[in-house]
Amino acid sequence: MLEIQALTKNFGGVVAVDTLDLTVEEGEIVALIGPNGSGKSTTVNLIAGIFPATSGKVTFKGRDVTDAPPHRTLECGIARTFQNIRLFNELSVWQNLWVAQNAPDTRKSQNFLKRWMSGSAAARRSVEEELAFANLADKRDELAGNLAFGEQRRLELARSLAAKPSLLLLDEPAAGMNLEEVKALDGRLRTLQERGITILLVEHVMGLVMGIADRIAVLNFGRKIAEGTPAEVQADKLVREAYLGTTDSSTSQAVP
Amino acid sequence: MQFWYGLAQLVGVHTILGLSAYVILQTGQVSMAQAGFLAIGAYVSGMLTAMSGWHIVPALLVGGVTAAVIATIVGFPALRVKGLMFVVATIAFGEAVRLFWFNFTFQVKQGAEMVGPIGGEGFKQIRYFPANGWTDLDRAIFILAVMAIVMAGVWWLDRSRAGAVLRAVGEDDLAAQSVGVNLTAIKVTAFAISGFIAGVGGALYSHYTTHIEHLNFGVVLATFAIAYPIVGGLHNVFGTLAAVIFIQGFLVEGLRFLGDWRNLLFGFLIVVAMNVSPRGFVSVYRELSTYWRRRVYGGAIFVIVLILAGEIMGGEIVAFVEGLLGDTGLEYNHMAWVAFLVVMAAWSWRGLASLTRMIPAGLRRLAAVFRQSLGYSAARRPRKVA
Amino acid sequence: MFGDVSLLDLLQAITDGLLFGATYAIIGTGFALIFGVMHKINLAYAATSIAGAYVSLAFASLIPLPAIVVFLIAALASGAVGYLIYLTCFRFIPSASPLATLMATVGMLILIDEVIVHETNGMPQPYPALFDNVMIEIGNYGLRGDLLFIFGLSIVATVALVLFLYRTRLGVATRAVAQQPVAAQLCGISVPRTNGMTFIMSGLLGGLAGAMTGAAVGTLSPLLTLPITIKGLIVTVIGGLGSIPGAIIAGLLVGMFENVALALRDVQERDLYVMLLLFLFLAVRPRGIFGKHSTRD
Numbered sequence: 030m031l032e033i034q035a036l037t038k039n040f041g042g043v044v045a046v047d048t049l050d051l052t053v054e055e056g057e058i059v060a061l062i063g064p065n066g067s068g069k070s071t072t073v074n075l076i077a078g079i080f081p082a083t084s085g086k087v088t089f090k091g092r093d094v095t096d097a098p099p100h101r102t103l104e105c106g107i108a109r110t111f112q113n114i115r116l117f118n119e120l121s122v123w124q125n126l127w128v129a130q131n132a133p134d135t136r137k138s139q140n141f142l143k144r145w146m147s148g149s150a151a152a153r154r155s156v157e158e159e160l161a162f163a164n165l166a167d168k169r170d171e172l173a174g175n176l177a178f179g180e181q182r183r184l185e186l187a188r189s190l191a192a193k194p195s196l197l198l199l200d201e202p203a204a205g206m207n208l209e210e211v212k213a214l215d216g217r218l219r220t221l222q223e224r225g226i227t228i229l230l231v232e233h234v235m236g237l238v239m240g241i242a243d244r245i246a247v248l249n250f251g252r253k254i255a256e257g258t259p260a261e262v263q264a265d266k267l268v269r270e271a272y273l274g275t276t277d278s279s280t281s282q283a284v285p
Numbered sequence: 009m010q011f012w013y014g015l016a017q018l019v020g021v022h023t024i025l026g027l028s029a030y031v032i033l034q035t036g037q038v039s040m041a042q043a044g045f046l047a048i049g050a051y052v053s054g055m056l057t058a059m060s061g062w063h064i065v066p067a068l069l070v071g072g073v074t075a076a077v078i079a080t081i082v083g084f085p086a087l088r089v090k091g092l093m094f095v096v097a098t099i100a101f102g103e104a105v106r107l108f109w110f111n112f113t114f115q116v117k118q119g120a121e122m123v124g125p126i127g128g129e130g131f132k133q134i135r136y137f138p139a140n141g142w143t144d145l146d147r148a149i150f151i152l153a154v155m156a157i158v159m160a161g162v163w164w165l166d167r168s169r170a171g172a173v174l175r176a177v178g179e180d181d182l183a184a185q186s187v188g189v190n191l192t193a194i195k196v197t198a199f200a201i202s203g204f205i206a207g208v209g210g211a212l213y214s215h216y217t218t219h220i221e222h223l224n225f226g227v228v229l230a231t232f233a234i235a236y237p238i239v240g241g242l243h244n245v246f247g248t249l250a251a252v253i254f255i256q257g258f259l260v261e262g263l264r265f266l267g268d269w270r271n272l273l274f275g276f277l278i279v280v281a282m283n284v285s286p287r288g289f290v291s292v293y294r295e296l297s298t299y300w301r302r303r304v305y306g307g308a309i310f311v312i313v314l315i316l317a318g319e320i321m322g323g324e325i326v327a328f329v330e331g332l333l334g335d336t337g338l339e340y341n342h343m344a345w346v347a348f349l350v351v352m353a354a355w356s357w358r359g360l361a362s363l364t365r366m367i368p369a370g371l372r373r374l375a376a377v378f379r380q381s382l383g384y385s386a387a388r389r390p391r392k393v394a
Numbered sequence: 025m026f027g028d029v030s031l032l033d034l035l036q037a038i039t040d041g042l043l044f045g046a047t048y049a050i051i052g053t054g055f056a057l058i059f060g061v062m063h064k065i066n067l068a069y070a071a072t073s074i075a076g077a078y079v080s081l082a083f084a085s086l087i088p089l090p091a092i093v094v095f096l097i098a099a100l101a102s103g104a105v106g107y108l109i110y111l112t113c114f115r116f117i118p119s120a121s122p123l124a125t126l127m128a129t130v131g132m133l134i135l136i137d138e139v140i141v142h143e144t145n146g147m148p149q150p151y152p153a154l155f156d157n158v159m160i161e162i163g164n165y166g167l168r169g170d171l172l173f174i175f176g177l178s179i180v181a182t183v184a185l186v187l188f189l190y191r192t193r194l195g196v197a198t199r200a201v202a203q204q205p206v207a208a209q210l211c212g213i214s215v216p217r218t219n220g221m222t223f224i225m226s227g228l229l230g231g232l233a234g235a236m237t238g239a240a241v242g243t244l245s246p247l248l249t250l251p252i253t254i255k256g257l258i259v260t261v262i263g264g265l266g267s268i269p270g271a272i273i274a275g276l277l278v279g280m281f282e283n284v285a286l287a288l289r290d291v292q293e294r295d296l297y298v299m300l301l302l303f304l305f306l307a308v309r310p311r312g313i314f315g316k317h318s319t320r321d
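Residue numbers (our numbering), protein chains in the order written: chain S, 30 to 285; chain Y, 9 to 394; chain X, 25 to 321.
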């Protein structure tokens, strides 16, 4: 579904992503791991179209989206969350979701005037569904900036679903979460997978990664150094040296 | 009463100008182009009524639409830049519009005279209102009605999905883009709407002053335009109205007795207002307790009653009070403002008592803050816990 | 288009404009300094520089002083005014309210202008010029002595600024605070004090520029504030936000361009051409000459 070929990004003299090749099949959950600075977030930004790539190609469902800006990639069906939660803090929870109702299908249900005024019934239903998914229905009028951190993360995830994406790019969704919250996130991601959404996950919390990923790709200094199932990657020597650590520690245990 | 009709017209036009800036400010872009759009609306509608005999209402609309069209054309390239660069671009646009009208001459012969704008001299014969027998009161009501319609429109925009999208763009345009909002379309549309509103306001302006020239539409007016929504607060159209009344009513007219020092006080009050209420009057108002809100409303009503009484009962009350004031140069209207403050404080004597506590506390805080600014730590002595 | 302007006149116009452009360069540098550190614009800056020039004039009318001292007084006075603006507009307004800061600087601009108008009764005051009777002549082409002096002074001021920013502790602290205010605090740098110093520095520059403008034009008037502000903003944008070398080059460019436009066309249209230059830059290179690379809009 998503094909990345020889993707490269230079920032001045720094090569953030170095000829990356990666394929994500439909329905998979693929995780991208690696030490800080290895180019994981940059890859997500490149796919989403935040900045243009220096070279290489990104193909999604057969279409070339290499240079497409963010709202175009969204139209194609790729949505993303941000590492450092970028909610609209001055808007309410409901409004955050409402502003995001920009999926091609939802758009078709509203003519121009409706989009600007009150939105169609279909859009409102969609917002209600997302509120339910994020468990925030009772907080709908609360300002997004006033929510607790865990609630903000849930809202961020729900907002990315508003575009009815087929591919979800998640940038460190479990950062700052305790074990309970990670388990809940694991459950939510499995639900999304059941709905048919493909997920590309950038993460440091190995408990989540090892438990939910179908495949893992490991980056270091912008290059892919390993790829495979969780078991394969855990056993890989290069990966252990670069990132996971060579002692047997509990961090590599999957979430039960 | 003429004075109040004139003030109402001024407040009406300036509120419309402020609302025009309000719309574009919500998207996070500070635009100094509003005075330019005002100018376009003013000249175009003036030409339509004075030179082509149009009725005022279609002239208003055409003035607004012309400004909106130009806003769209200018908006596309201008909105590609952000922040300060956009400010400078809009200043340049405003100046360009002003220079255009400075060099623009177009006249038609009407009866015995030539009518139309003449470059630097301006456009002198916009006599629609007097020619059609509109009294001061008629004009004031008309302008306030248009202002109310514009306010209602912007209020509705705020409540709609469009308003939420505008504010989302203003808050974090990268996130907005990432959830599918087309930034250029939204920004240009907001700019066009603000252009339309300013154009309509300009049409009203040219008709009630009957004489406009390029100097009226400079950077100073553009600064006023953004001052109103910033001082008033960007969350609510009533904030802009309050700011216009504060700035135009209170400062410009009410403090006329200060004569030349008026502008100085104006600048000073703006600085103080921004330090005390950086997010605008509306946010301060929201934080006022009911106690204070009652006093503000009550005092305002009392003042309005006093002023109306002065006008309706004719000169006797006014003459009496002004007799008391003698040669101080103060007027009856200024006494009304003083009465406002007295009423607020005296509603309950607690109000006065709290004032006597607030002043030394405020001075102490000021001193602490000043010491801090010089690099010393302010926490030298343990404070009494209240 | 060239009308009756000869090549020599053109060359003269270019040189004069370039030399006078040094004032714009200094103003642009002052703007860039503040923008680079506070990430907000100080619209009262032109008022700062004019105010300093007036103060120096006040001193000069009381005691006869060598012109260079007059310039110095202007710089010092503007430094003080700059600090005042820092206190009233930047120190206490939360950084999350850039609009409030903007408005507060506008308020200060109005305040300072009004004080000047009151003290001088609105009459423009003559300003002493230096070396104005000196002219280096090469045939019909002349280099005006007073403009050369201004240019030279600007070079000295710029070099001093660069040395300050890169060779002194306070300069390093300024740059640190500009890049990472929180981290700078953790390193023991007092952010309010450093920012205050930045405003004083930019005020010193502004005062010099104000005195230079007064000297070159021959008179001082509060009406100068608005055109200086606009030119300063244009120079900052063309040069690239927050970039000092950019501001310098842009200032010289604008000065030269403006004077050439004046020579080829008349006074009314001169400003229009400067606007066109600005639009050109915004359309072709929005981030200015040395602006930082920004992410795709």
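Glycine included, C-beta positions come from ideal geometry on N, C-alpha and C.
Per-residue burial, leucine 306/X [other beta carbons within 10 Å of its own, 16 or more giving buried]: buried
Expected contact under 8 Å - CB spacing of isoleucine 8/Y and glycine 207/Y to nearest Å: Since the first residue of chain Y shown is 9 and the last is 394, residue 8/Y is not available in this structure.
is_contact[alanine 235/Y, chain X] using C-beta, thresh 8 Å: yes
Min CB distance serine 385/Y to chain X below 8 Å: Any answer about serine 385/Y is weak, because its pLDDT of 46 lies below 50 and its placement is not dependable; what the coordinates show is given next. No, serine 385/Y lies away from the interface with chain X (no Cβ there is under 8 Å from its Cβ).
Beta-carbon proximity of proline 205/X to valine 215/X, cut-off 8 Å: yes
Contact between the segment 55–63 of chain X and the segment 85–101 of chain X (3+ Cβ pairs under 8 Å): Touching, no, given that fewer than three Cβ pairs across the two stretches are closer than 8 Å.
Positions along the segment 175–189 of chain Y whose CB lies within less than 8 Å of some CB in chain S: Arg175, Ala176, Glu179, Asp180, Leu182, Ala183, Ala184, Gln185, Ser186, Val187, Gly188 and Val189
Contact with chain C by asparagine 131/S, beta-carbon distance below 8 Å: Included in the structure are the protein chains S, Y and X, with no chain C among them.
Which listed residue (Asp295/X, Val308/X and Ala239/X) has its alpha carbon closest to that of valine 105/Y: Valine 105/Y has its Cα closest to that of Asp295/X, out of Asp295/X, Val308/X and Ala239/X.
8 Å Cβ cutoff, alanine 172/Y in contact with chain S: yes
Inside the segment 190–267 of chain S only - alpha helix (DSSP H) runs reaching at least 4 residues: Taken in chain order, the whole alpha helix (DSSP H) runs of length 4 or more contained in the segment 190–267 of chain S are 208–223, 235–241 and 259–264.
Backbone CA spacing between histidine 63/Y and proline 286/Y [nearest angstrom]: 43 Å
Interface residues of chain X facing threonine 231/Y [CB-CB closer than 7 Å]: Val130
Alanine 410/Y and alanine 233/Y closer than 8 Å at C-beta: Outside the modelled stretch of chain Y, which goes from 9 to 394, sits residue 410/Y, for which no answer is possible.
Residues in the segment 96–128 of chain X having any Cβ partner in chain Y nearer than 8 Å: For the segment 96–128 of chain X, the set of residues with a beta-carbon nearer than 8 Å to any beta-carbon of chain Y comprises Leu111, Thr112, Cys113, Arg115, Phe116, Ile117, Pro118, Ser121, Leu123, Ala124, Thr125, Leu126, Met127 and Ala128, in chain order.
Contact list for asparagine 118/S against chain Y, beta-carbon separation under 8 Å: Glu179
Short CB-CB distance (under 8 Å) between alanine 317/Y and chain X: False, the Cβ-Cβ gap to chain X never drops below 8 Å.
Residues that valine 201/X contacts on chain Y, provided the C-beta gap is smaller than 7 Å: The contacting residues do not exist; valine 201/X stays about 14 Å from chain Y at best.
CB-CB length for isoleucine 50/X against alanine 181/X, believed under 8 Å: 6 Å
Where arginine 168/X falls: helix, strand or coil (DSSP): strand
Rounded separation between arginine 182/S and methionine 239/S - CA only: 21 Å
Proximity below 8 Å, CB of alanine 191/S to CB of valine 187/Y: Contact flag set, yes.
Distance between asparagine 207/S and asparagine 249/S (C-alpha atoms, nearest Å): 26 Å
Length of the line joining the Cα atoms of glutamate 57/S and arginine 224/S: 12 Å
Simplified DSSP assignment, three categories, for asparagine 39/S: strand
Chain-ordered chain Y contacts of arginine 109/S [CB-CB under 9 Å]: In chain order: Ser186.
Minimum C-alpha distance to leucine 185/X - residue among Ala153/X, Phe223/X and Gln149/X: Phe223/X
Aspartate 144/Y in three-state terms, based on DSSP: helix
Which of helix, strand or coil DSSP assigns to glutamate 57/S: coil
Separation of threonine 37/S from serine 281/S, as counted between CA atoms: Annotation note: pLDDT 48 at serine 281/S (below 50); position unreliable, coordinate value reported separately. C-alpha separation (whole angstroms): 30 Å.
For threonine 237/X and threonine 47/X, believed in contact at Cβ under 8 Å, the rounded distance: 5 Å
Chain-order list of residues whose beta-carbon lies under 8 Å from that of alanine 97/Y (same chain, five-residue window excluded): Ala86 and Val89
8 Å Cβ cutoff, arginine 398/Y in contact with chain S: A question about residue 398/Y goes unanswered here, because the residues of chain Y that appear run from 9 up to 394.
Residue of Leu199/S, Val234/S and Gly205/S minimising C-alpha distance to leucine 221/S: Leu199/S
Distance cut-off 7 Å: asparagine 224/Y Cβ against heavy atoms of the ligand GTP: Absence of the ligand GTP from the depicted structure is noted, as is the absence of any ligand whatsoever, leaving it without description.
Anticipated Cβ contact below 8 Å, glycine 230/X with tyrosine 69/X, distance rounded: 6 Å
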